[in-house]
Every structure is written in structure tokens, then in C-alpha cells.
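Novice:
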Amino acid sequence: MMDLYTLLFPIARVALELLVWVFAALLVLLAFKRLRPRMRGALGEARIGRMLKRLFPAVRHDVILPDGRGGWTQIDHLVLTPAGLLVVESKNFQGSILGRKEEATWTQVLGRQRFSFQNPLRQNYAHVQAVKALRLGVPVLERVVFTNTARFPKGLPEGVSRLATLAKDLKPYRAGVVSKALQQAWQRLDGQVRTDRATRRAHRAGLERRFGADGRASPMLLLLAAAAVLAGGLWLTAYPL
Numbered sequence: 022m023m024d025l026y027t028l029l030f031p032i033a034r035v036a037l038e039l040l041v042w043v044f045a046a047l048l049v050l051l052a053f054k055r056l057r058p059r060m061r062g063a064l065g066e067a068r069i070g071r072m073l074k075r076l077f078p079a080v081r082h083d084v085i086l087p088d089g090r091g092g093w094t095q096i097d098h099l100v101l102t103p104a105g106l107l108v109v110e111s112k113n114f115q116g117s118i119l120g121r122k123e124e125a126t127w128t129q130v131l132g133r134q135r136f137s138f139q140n141p142l143r144q145n146y147a148h149v150q151a152v153k154a155l156r157l158g159v160p161v162l163e164r165v166v167f168t169n170t171a172r173f174p175k176g177l178p179e180g181v182s183r184l185a186t187l188a189k190d191l192k193p194y195r196a197g198v199v200s201k202a203l204q205q206a207w208q209r210l211d212g213q214v215r216t217d218r219a220t221r222r223a224h225r226a227g228l229e230r231r232f233g234a235d236g237r238a239s240p241m242l243l244l245l246a247a248a249a250v251l252a253g254g255l256w257l258t259a260y261p262l
């Protein structure tokens, strides 16, 4: 009996450790699955930002501005163009997008699944109003840009572009040179831009007061923490201090 125990115990221990590692890996995968929409959005925003940087002389990305009502608003891209100050909202969606300019919500179709989301034109309207509230004395333009993974089977609403045609769509804004008035307005706008952590926390707090807390982050952090504890426990068992 002792010989059998001696033989089976190491095997059982290795099997148990393997199961724990597999479980920890599954926790990490679940956490990143919850994180994936944010990662996809950030990647799409970066692609659109690079295109805007090639097209125009000055671009600011992912900035916070006063919203004109005592709070803050987050803007994906601010662009200095010869035609005015351009406010861009970026979207990295897959599948078919259905929506009209006047509708409050649009629909994303992925196979047999349908998801509703806020009309991004309305979302960007609030950003445009924040820039206008600064009273810079120059035209303020607006555009919503989707990456190429989005399709519009019923046509693109006015004011919306896909990344593939963005250069062509914005060609009217590229004609001429940036006036001195626009340069001065850009400097004043740039002086209002905030990117610090304290302002970002204040912006998130404002969103939570209006729409409720985003519950996606906490479960993700808990999953990652659990995976780290399991992996750390195994590491200490295998290599004790």
C-alpha cells in the first residue's frame, strides 16, 4: 500500500497542478474577453488617428474638454483643418450597421444577433457643442468615422465616413491653408485640453452619475486577481522561498 501511495501521489499532484494552471488560464481568457471591446475600440481609434495625422497639420487624440455645463466630455480626435476645427468620433464596429441621422439609436447586426447603441452623430454633437461653448470664433466641423470592418447596407448617413474613404470624404476640408484666426483658435482650444488622470477620473464620475457605474471593469479585475493568486500559489509551492 505504501508503495502504491508513493507511486500515485506525485502523479496526482502533477495532475492537480495542471488543472489549477488550466483554470487560471481560463480566468485570464474570460477577463480579456470582457476587455476585448475596449481594446478593439482603442485599436480603431488609433488607426483613424493615424489617417487624420497624415491628412492635416495638427491633431489631438483622446482629450477631455469642459462640456460647457460644469462637467467634462471626452473627444476622440480634434483636428485643425483649413476649413475649421474638426471634431471626430471614431467607431470600430464589425458587421452591418443600420441607422439614420435622426434616430436616437442604431443597430449592429452580427449574424443573427442584433445590438443597439447610441447614435454616434448625437454622441458627437455633444462634443461639438463643448467646443462651440469655448467661443473660439471659427467654424466647428464634425464627422463620425467607422473602421473598415463596419458595413452600411442601406448607405452611409450624412456626416459618417468609413476609414477607406476618409481622405476622399474630407477633401473639401483640406483645400487652402490654415488661417491665422484658425491657428489662434487652435492654440486657445489646446489650452483647454486636459489629459491628466484627475480630470479623467472626474469625467468617469460624471458618466457614472448620469448613466450608472460601468460594471465591466470590476469583474475583469477580479478574474485577473484570482488567476494571479492561483498562479502565485503554484509558483510558491514549486519554488518555496
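All residue numbers for the sequence shown refer to my numbering, where the first residue is 22 and numbers rise by one. Even glycine gets a Cβ: it sits at the ideal position worked out from N, Cα and C.
1) Helix, strand or coil: how does DSSP classify Leu-203 here?
2) What residue range does the alpha helix (DSSP H) around Pro-193 cover?
3) Answer yes or no: do Val-159 and Gly-105 have a C-beta to C-beta separation smaller than 8 Å?
4) Cβ-heavy atom distance between Gly-116 and the ligand FAD below 7 Å?
5) My assumption, with CB atoms under 8 Å, is that Val-100 sits in contact with Gly-116. Please give the rounded CB distance.
6) Quick check on the DSSP output: the beta strand (DSSP E) that includes Pro-78 runs from which residue to which?
7) Output the distance between the C-alpha atoms of Trp-127 and Phe-173, rounded to the nearest integer angstrom.
8) Among the residues of its own chain, which have a CB less than 7 Å from the CB of Pro-78, if the five just before and after it don't count?
9) Starting from the C-beta of Arg-143, find all residues in its chain whose C-beta is less than 8 Å away, skip the five residues before and the five after it, and write them out in chain order.
10) In the DSSP assignment, what residue or residues form a beta bridge with Gly-105?
11) To the nearest angstrom, report how far apart Phe-138 and Phe-114 are at their CA atoms.
Specialist: On the basis of the supplied data:
1) The residue labelled residue 203 in the question sits at position 182 within the sequence shown. Secondary structure of Leu-203 (DSSP, three-state): helix.
2) To locate residue 193, count along the sequence shown from 1; it is residue 172. From DSSP, the alpha helix (DSSP H) with Pro-193 extends over 192-195.
3) Your numbering for residue 159 matches position 138 in the sequence shown. Your numbering for residue 105 matches position 84 in the sequence shown. With respect to Gly-105, Val-159 sits close: the two C-beta atoms are nearer than 8 Å.
4) With respect to small molecules bound, the structure shown includes none, and the ligand FAD cannot be examined in it.
5) As a working mapping, residue 100 is identified with position 79 in the sequence shown. As a working mapping, residue 116 is identified with position 95 in the sequence shown. The C-beta distance from Val-100 to Gly-116 rounds to 27 Å, too long to meet the 8 Å contact threshold.
6) Position 57 of the sequence shown, counted from the start, is the residue given in the question as residue 78. Taken as a continuous stretch (DSSP letters only), Pro-78 belongs to no beta strand (DSSP E), as it is neither H nor E.
7) Residue 127 sits at position 106 when you count from the first residue of the sequence shown. Residue 173 sits at position 152 when you count from the first residue of the sequence shown. Taking the straight line from one Cα to the other gives about 11 Å.
8) Along the sequence shown, one-based indexing puts residue 78 at 57. Around Pro-78: Leu-101 and Val-199.
9) For the purposes of this step, residue 143 is identified with residue 122 of the sequence shown, where counting begins at 1. The residues are Ala-125.
10) Here residue 105 is taken as the residue at index 84 of the sequence shown, counted from 1. For Gly-105, which the question treats as bridged, DSSP gives the partners Thr-102.
11) Taking the sequence shown and counting its residues from 1, the one referred to as residue 138 is at position 117. Taking the sequence shown and counting its residues from 1, the one referred to as residue 114 is at position 93. When rounded, the distance between both Cα atoms is 11 Å.
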